[in-house]
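*Asks:*
2 protein chains.
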Amino acid sequence: MLELIDLDKRIPKSVYQQAFPELETQLGACQRAARAAGVPVVIVFEGWDAAGKGTLINRLTQALDPRGFKVHPISAPNEPQRLRPWMWRFWKALPAAGSFAIFDRSWYGRVLLERVEELTPKREWRQAYQDIDEFEQQLADAGTVIVKFWLHIGKQEQKRRFQQIRENPATAWKVGKEERKHHKQYEQWLAAVEEMLERTATAYAPWTVVEATQGRYARVKVFETILQAVESELARRQAAPKAEPKPMAVPADSPTRRQTLLDRVDLSLALERDEYEKQLKELQERLFHLEHDLYVARVPAVIVYEGSDAGGKGGNIKRLTRGLDPRGYEVVPVGPPTTQEKARHYLWRFWRDVPKAGHITIFDRSWYGRVLVERVEGFCTEDEWKRAYREINEFERQLVDFGTAFVKFWLHIDQEEQLRRFEARKQDPHKQWKITDEDWRNREKRGQYEVAVVDMLRRTSTTYAPWTILEANCKLYARIKALRTVAEVLENALKKA
Amino acid sequence: MLELIDLDKRIPKSVYQQAFPELETQLGACQRAARAAGVPVVIVFEGWDAAGKGTLINRLTQALDPRGFKVHPISAPNEPQRLRPWMWRFWKALPAAGSFAIFDRSWYGRVLLERVEELTPKREWRQAYQDIDEFEQQLADAGTVIVKFWLHIGKQEQKRRFQQIRENPATAWKVGKEERKHHKQYEQWLAAVEEMLERTATAYAPWTVVEATQGRYARVKVFETILQAVESELARRQAAPKAEPKPMAVPADSPTRRQTLLDRVDLSLALERDEYEKQLKELQERLFHLEHDLYVARVPAVIVYEGSDAGGKGGNIKRLTRGLDPRGYEVVPVGPPTTQEKARHYLWRFWRDVPKAGHITIFDRSWYGRVLVERVEGFCTEDEWKRAYREINEFERQLVDFGTAFVKFWLHIDQEEQLRRFEARKQDPHKQWKITDEDWRNREKRGQYEVAVVDMLRRTSTTYAPWTILEANCKLYARIKALRTVAEVLENALKKA
Numbered sequence: 001m002l003e004l005i006d007l008d009k010r011i012p013k014s015v016y017q018q019a020f021p022e023l024e025t026q027l028g029a030c031q032r033a034a035r036a037a038g039v040p041v042v043i044v045f046e047g048w049d050a051a052g053k054g055t056l057i058n059r060l061t062q063a064l065d066p067r068g069f070k071v072h073p074i075s076a077p078n079e080p081q082r083l084r085p086w087m088w089r090f091w092k093a094l095p096a097a098g099s100f101a102i103f104d105r106s107w108y109g110r111v112l113l114e115r116v117e118e119l120t121p122k123r124e125w126r127q128a129y130q131d132i133d134e135f136e137q138q139l140a141d142a143g144t145v146i147v148k149f150w151l152h153i154g155k156q157e158q159k160r161r162f163q164q165i166r167e168n169p170a171t172a173w174k175v176g177k178e179e180r181k182h183h184k185q186y187e188q189w190l191a192a193v194e195e196m197l198e199r200t201a202t203a204y205a206p207w208t209v210v211e212a213t214q215g216r217y218a219r220v221k222v223f224e225t226i227l228q229a230v231e232s233e234l235a236r237r238q239a240a241p242k243a244e245p246k247p248m249a250v251p252a253d254s255p256t257r258r259q260t261l262l263d264r265v266d267l268s269l270a271l272e273r274d275e276y277e278k279q280l281k282e283l284q285e286r287l288f289h290l291e292h293d294l295y296v297a298r299v300p301a302v303i304v305y306e307g308s309d310a311g312g313k314g315g316n317i318k319r320l321t322r323g324l325d326p327r328g329y330e331v332v333p334v335g336p337p338t339t340q341e342k343a344r345h346y347l348w349r350f351w352r353d354v355p356k357a358g359h360i361t362i363f364d365r366s367w368y369g370r371v372l373v374e375r376v377e378g379f380c381t382e383d384e385w386k387r388a389y390r391e392i393n394e395f396e397r398q399l400v401d402f403g404t405a406f407v408k409f410w411l412h413i414d415q416e417e418q419l420r421r422f423e424a425r426k427q428d429p430h431k432q433w434k435i436t437d438e439d440w441r442n443r444e445k446r447g448q449y450e451v452a453v454v455d456m457l458r459r460t461s462t463t464y465a466p467w468t469i470l471e472a473n474c475k476l477y478a479r480i481k482a483l484r485t486v487a488e489v490l491e492n493a494l495k496k497a
Numbered sequence: 498m499l500e501l502i503d504l505d506k507r508i509p510k511s512v513y514q515q516a517f518p519e520l521e522t523q524l525g526a527c528q529r530a531a532r533a534a535g536v537p538v539v540i541v542f543e544g545w546d547a548a549g550k551g552t553l554i555n556r557l558t559q560a561l562d563p564r565g566f567k568v569h570p571i572s573a574p575n576e577p578q579r580l581r582p583w584m585w586r587f588w589k590a591l592p593a594a595g596s597f598a599i600f601d602r603s604w605y606g607r608v609l610l611e612r613v614e615e616l617t618p619k620r621e622w623r624q625a626y627q628d629i630d631e632f633e634q635q636l637a638d639a640g641t642v643i644v645k646f647w648l649h650i651g652k653q654e655q656k657r658r659f660q661q662i663r664e665n666p667a668t669a670w671k672v673g674k675e676e677r678k679h680h681k682q683y684e685q686w687l688a689a690v691e692e693m694l695e696r697t698a699t700a701y702a703p704w705t706v707v708e709a710t711q712g713r714y715a716r717v718k719v720f721e722t723i724l725q726a727v728e729s730e731l732a733r734r735q736a737a738p739k740a741e742p743k744p745m746a747v748p749a750d751s752p753t754r755r756q757t758l759l760d761r762v763d764l765s766l767a768l769e770r771d772e773y774e775k776q777l778k779e780l781q782e783r784l785f786h787l788e789h790d791l792y793v794a795r796v797p798a799v800i801v802y803e804g805s806d807a808g809g810k811g812g813n814i815k816r817l818t819r820g821l822d823p824r825g826y827e828v829v830p831v832g833p834p835t836t837q838e839k840a841r842h843y844l845w846r847f848w849r850d851v852p853k854a855g856h857i858t859i860f861d862r863s864w865y866g867r868v869l870v871e872r873v874e875g876f877c878t879e880d881e882w883k884r885a886y887r888e889i890n891e892f893e894r895q896l897v898d899f900g901t902a903f904v905k906f907w908l909h910i911d912q913e914e915q916l917r918r919f920e921a922r923k924q925d926p927h928k929q930w931k932i933t934d935e936d937w938r939n940r941e942k943r944g945q946y947e948v949a950v951v952d953m954l955r956r957t958s959t960t961y962a963p964w965t966i967l968e969a970n971c972k973l974y975a976r977i978k979a980l981r982t983v984a985e986v987l988e989n990a991l992k993k994a
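This is how it looks when you write it as structure tokens:
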């Protein structure tokens, strides 16, 4: 691919002086249009050392409204970043709708620097190709414009620039041991770059190779490419307005739907209080020690609670955490997204909250809202919830690949028990706040919710992150089963760590 | 995933007798609607031995118009199939627009039988996941409905059925050594099935797990699923009519476009006739031996010729093939697609013609028409040619993975030389047929074609299938360079074989 690049491409100064100011004006207008249309834009700069990334990014930002972009310089991961799945820091940096995120180096470091310098085992950087593709596809599906630049200069040109930089005392520090080493490895890098360009050039996130021998030429090409990409997304949105989300229809009465896996859940399972107290104490002690071992072994854990309204999530979580050291776990209650969260990919806030190595995060409701409440109430389009099963499986697989222990609970109660609990809450002045009109409305949509729950359980119960159904008509039984499941999963994870 | 399946799902006879005839009628109507709308439908049946695939497919076809479907029973590949990339036979079986293709077992055999029985090395069946995803995504992107069924029964139920089948002398032959062995390996199969379902469940080609203990239940679920999938694609097409293809605009005059990689091609390169004759003879002899060695080593080769009009493709191919044994190579001239070809994915006809192991196929024009003439003339939409670069790279990678040697030529001449040749053809009564009004029209669009050619060369010159540009102002030079390139590529391929 790169052998076809003409590294001598140039633009005469006179042409440049005429064309460039016009491009700057256009880019400013284009940024305003993207903001108005709520289009997030991700721009990636990768390239050879001394290819001119810094200068280019500088010129680019001068043309932009400073309130609408953020530059992310990416170097080796720091401590908090190393303690999380490798994609975490890039998810965190995603731009809100209407903003530009400019990456000075990026997630491609995984298959460039980390590959060439052997900082990452081969198994891991090869897996990175899939992680990257999933990441970019998820963003693009949600309407993000992705522009990726590879700034290309030849080996001789790089040598020439290094000399120039070193001769100037003000810049000499820029060329150190690292850079000289990379220069010597030019051919190894080239092979890595070629493979990267081949494997990650997609229709939704294409690469643009920029001939960077002449700064003028590179600037014009970068500006033109960004303009074209953003304008093409704006045109696409105008031509094909987003499908209207609509609430789920009442499920058709089909003979294959009359009995679901939830009907098979044995809700008669129960536990006496004596037995409960005894087991609870034992399990809480066991979990306390496990939390400590987890910390020492640097194994992270995710525990997801989903379930019917009034299924007993809160009480269950309380029993789980009661014996734990609060420095080792965090409970993340998940409600409707904030304005800041709504402006980003729906998985963004969950990536933000993934546990660091050695810690436990308990999600009280979770990303599964996408295929439950958002599907049923029509807060997202059919396309969106349909592809969410795969996106969720990809998300969880990336966490598991990092070594995360995964527990997912569905607390199930039957209709009668739910009604009984609703009524009890209405009577009890201390619990009245827990029951709202929305709960009653949801109850009317039980049929739709049940279809959504069954689809969710079947499509997202994977070998690496399976669901556990908690028979929750008896709260005591459900709590003991939950604590025991967590203990077993953590023990297994520790064995493998 | 499969642990959540309720294998005891049943439908009472009375309900079935009411619901099923209605479903059959609906499916017939749905097939007619799909035909009218030109929607191709691919239905895959996978499942345990004795899960009832045969009976199900039988009932399904009874509900369909026999002119509109074809059943493809898939067993171990035969000789012609083994001699080609493994996906070849599935591409060949693709349905035309408006037809149903029903697969009784499918490409998933690669990650099931071939994995469990260790018929394929691990490296190969793991790679198959990517091949499968590319295949299904390419079909779905082009509007194919893909429905995949996994017929699920438990180990005990399978045992019971095997006994029943063996007790009946008319069916006893159906349970042989193979089936008994698979039954013993139930757990190994289960692991393979789980991984397959997890890795290949996409929004565009979802799996439906069918509880197949009761035939009635399975039938109803299969019919309902197909109906829903086809109807949803029909609704989608009505709601969002396909974008109108439009011819490429005259490229904007940008300072970065003024000089392309084609301008760097040194068209002064030439060869004297004496030298030409001498080298030609040597190269033709060398190629004759290489063709034979290729056959013995079972290495296939693909040679693609693309180039400017009047660039000299025909004469070049003639010199290449003159010394070859005609049993070992084939020239495939590529013109506008036939009706049969138009009704299928644009890559279908090229998959059909890939060489078998040990043979050479020379394509006189090729799949690159998608990103050249179809892009420039507006025979396909922007979405279509934009994703074609990746599709083509995927296609070529699958051939290279099979061991195919790849040569791709772009014959380049400049405008003056082209004009000279056009005029010469006009004068020569033996060559007048070679020059048409279309050639003159294409010449007027030279600017657009050049942009398309440069994009093509850069985006599809991969490490595994790079382009070779032939400086073709001097025909003799271009011929010698072509023959030498082919010889070198074949020699390298033989060394690696």
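From first to last, the protein sequence lines stand for chains H and D.
Quick note on numbering: the first sequence equals residues 1 to 497 in my numbering.
Quick note on numbering: the second sequence equals residues 498 to 994 in my numbering.
Beta carbons: idealized from backbone N, C-alpha and C, even for Gly.
As the structure is a prediction and not an experimental result, all values here were calculated from the model.
On the three-pair Cβ rule with 8 Å, is the region 858 to 867 of chain D touching the region 817 to 835 of chain D?
*Replies:* At 8 Å Cβ cutoff, the stretches touch.
*Asks:* For H909 (chain D), write down the residues that DSSP places opposite it in a beta bridge.
*Replies:* Paired residues: D:E968.
*Asks:* In terms of residues, what are the limits of the beta strand (DSSP E) holding G314 (chain H)?
*Replies:* Counting along the chain, G314 (chain H) falls outside any beta strand (DSSP E), though it belongs to the alpha helix (DSSP H) covering K313 to R322.
*Asks:* Please report the residue range of the beta strand (DSSP E) in which E330 (chain H) lies.
*Replies:* First-last of the beta strand (DSSP E) with E330 (chain H): Y329 to P333.
*Asks:* Keeping to the same chain, check which residues put their C-beta closer than 7 Å to that of C30 (chain H); ignore five residues upstream and five downstream.
*Replies:* Answer for C30 (chain H): L227, V230 and E231, listed in chain order.
*Asks:* Evaluate D253 (chain H) with the Cβ neighbour count: other Cβ atoms within 10 Å of its Cβ, from every protein chain shown; 16 or more gives buried, anything less gives exposed.
*Replies:* By the neighbour-count rule (16 or more Cβ atoms within 10 Å), D253 (chain H) is not buried but exposed.
*Asks:* Check for me: the beta strand (DSSP E) holding P73 (chain H) runs from which residue to which?
*Replies:* Segment F69 to P73, the beta strand (DSSP E) holding P73 (chain H).
*Asks:* Which residues of chain D have a Cβ atom closer than 9 Å to the Cβ of I11 (chain H), listed in chain order?
*Replies:* Neighbours of I11 (chain H) on chain D, chain order: P752, T753 and R755.
*Asks:* Y605 (chain D) versus chain H: which residues are under 8 Å apart at the beta carbon?
*Replies:* Ordered by position in chain H, no residue passes the 8 Å Cβ test against Y605 (chain D), which lies about 17 Å from the chain.
*Asks:* DSSP has E46 (chain H) in a bridge; who is on the other side?
*Replies:* H:W150, per the DSSP bridge assignment.
*Asks:* For A726 (chain D), name the three-state secondary structure that DSSP assigns.
*Replies:* If DSSP states are grouped into helix, strand and coil, A726 (chain D) belongs with the helices.
*Asks:* Could you tell me whether the Cβ of D763 (chain D) comes closer than 8 Å to any Cβ of chain H?
*Replies:* By this cut-off, D763 (chain D) is not an interface position.
*Asks:* Determine the chain D residues that contact D6 (chain H) at a beta-carbon separation under 9 Å, and present them in chain order.
*Replies:* Here the neighbours are Q756, T757, L758, D760 and R761.
*Asks:* Hey, is the region 74 to 83 of chain H in contact with the region 138 to 158 of chain H, meaning 3+ C-beta pairs nearer than 8 Å?
*Replies:* Touching, no, given that fewer than three Cβ pairs across the two stretches are closer than 8 Å.
*Asks:* In chain D, which residues lie less than 8 Å from K221 (chain H) when you measure between Cβ atoms?
*Replies:* Residues of chain D passing the Cβ test: T753.
*Asks:* What span of residues does the alpha helix (DSSP H) with F892 (chain D) cover, start to end?
*Replies:* From DSSP, the alpha helix (DSSP H) with F892 (chain D) extends over E879 to D898.
*Asks:* For a test of the three-state rule: what should DSSP assign to A598 (chain D), helix, strand or coil?
*Replies:* Strand, per DSSP.
*Asks:* List the residues of chain D whose Cβ lies closer than 8 Å to the Cβ of V15 (chain H), in chain order.
*Replies:* Within 8 Å Cβ-Cβ: P752.
*Asks:* Cβ of H359 (chain H) within 8 Å of Cβ of P429 (chain H)?
*Replies:* No, they are not a contact pair.
*Asks:* Taking the DSSP output, what are the residues bridged to F903 (chain D)?
*Replies:* Answer by DSSP bridge pairing, in chain order: D:V799.
*Asks:* For the candidate residues D:A854, D:F847, D:V851 and D:P852, whose alpha-carbon lies nearest to that of R867 (chain D)?
*Replies:* Checked all of D:A854, D:F847, D:V851 and D:P852; the closest Cα to R867 (chain D) is D:F847.
*Asks:* Alpha helix (DSSP H) containing V793 (chain D): first to last residue?
*Replies:* R770 to A794 is the extent of the alpha helix (DSSP H) around V793 (chain D).
*Asks:* Taking all protein chains shown into account, do 16 or more other C-beta atoms lie within 10 angstroms of the C-beta of P85 (chain H), making it buried, or fewer, making it exposed?
*Replies:* P85 (chain H) is buried by the Cβ-count criterion.
*Asks:* One question on the structure: do I650 (chain D) and G606 (chain D) come within less than 8 Å of each other, judged by their Cβ atoms?
*Replies:* No; because the gap between Cβ atoms is not below 8 Å, this pair is not in contact.
*Asks:* Relative to the C-alpha of W647 (chain D), which residue among D:N890, D:N939, D:W686 and D:Q624 is closest?
*Replies:* W647 (chain D) has its Cα closest to that of D:W686, out of D:N890, D:N939, D:W686 and D:Q624.
*Asks:* Measuring alpha carbon to alpha carbon, tell me which of H:R264, H:R375, H:I165 and H:R199 ends up nearest Q627 (chain D).
*Replies:* Looking at the Cα atoms, H:R199 is the closest of the given residues.
*Asks:* Could you have a look at V747 (chain D) and say whether DSSP puts it in helix, strand or coil?
*Replies:* Three-state DSSP puts V747 (chain D) in coil, outside helix and strand.
*Asks:* Can you find the residues in the same chain that come closer than 7 Å, C-beta to C-beta, to N393 (chain H), ignoring five residues on each side of it along the sequence?
*Replies:* The residues are T460 and T462.
*Asks:* Of the choices H:T208, H:M196 and H:D293, whose alpha-carbon is the least far from that of K496 (chain H)?
*Replies:* Measuring from the Cα of K496 (chain H), the nearest candidate turns out to be H:D293.
*Asks:* Taking Cβ positions only, does L457 (chain H) come closer than 8 Å to chain D?
*Replies:* Cβ-Cβ to chain D under 8 Å: yes for L457 (chain H).
*Asks:* Starting from the C-beta of P742 (chain D), find all residues in its chain whose C-beta is less than 7 Å away, skip the five residues before and the five after it, and write them out in chain order.
*Replies:* Answer for P742 (chain D): G875, F876, C877 and T878, listed in chain order.
*Asks:* Taking only three categories from DSSP, how would you classify I629 (chain D)?
*Replies:* Three-state result, I629 (chain D): helix.
*Asks:* Give a yes or no on whether the C-beta atoms belonging to L908 (chain D) and A949 (chain D) are separated by under 8 Å.
*Replies:* Not closer than 8 Å, so no.
*Asks:* Using CA coordinates, which residue listed in D:T835, D:E782, D:A688 and D:P852 is at the minimum distance from R819 (chain D)?
*Replies:* Taking only the C-alpha atoms, the option nearest R819 (chain D) is D:E782.
*Asks:* Kindly indicate if chain D contains any beta-carbon less than 8 Å away from that of N492 (chain H).
*Replies:* No, N492 (chain H) lies away from the interface with chain D (no Cβ there is under 8 Å from its Cβ).
*Asks:* What did DSSP end up calling V175 (chain H) once you bin it into helix, strand or coil?
*Replies:* It is coil, neither helix nor strand.
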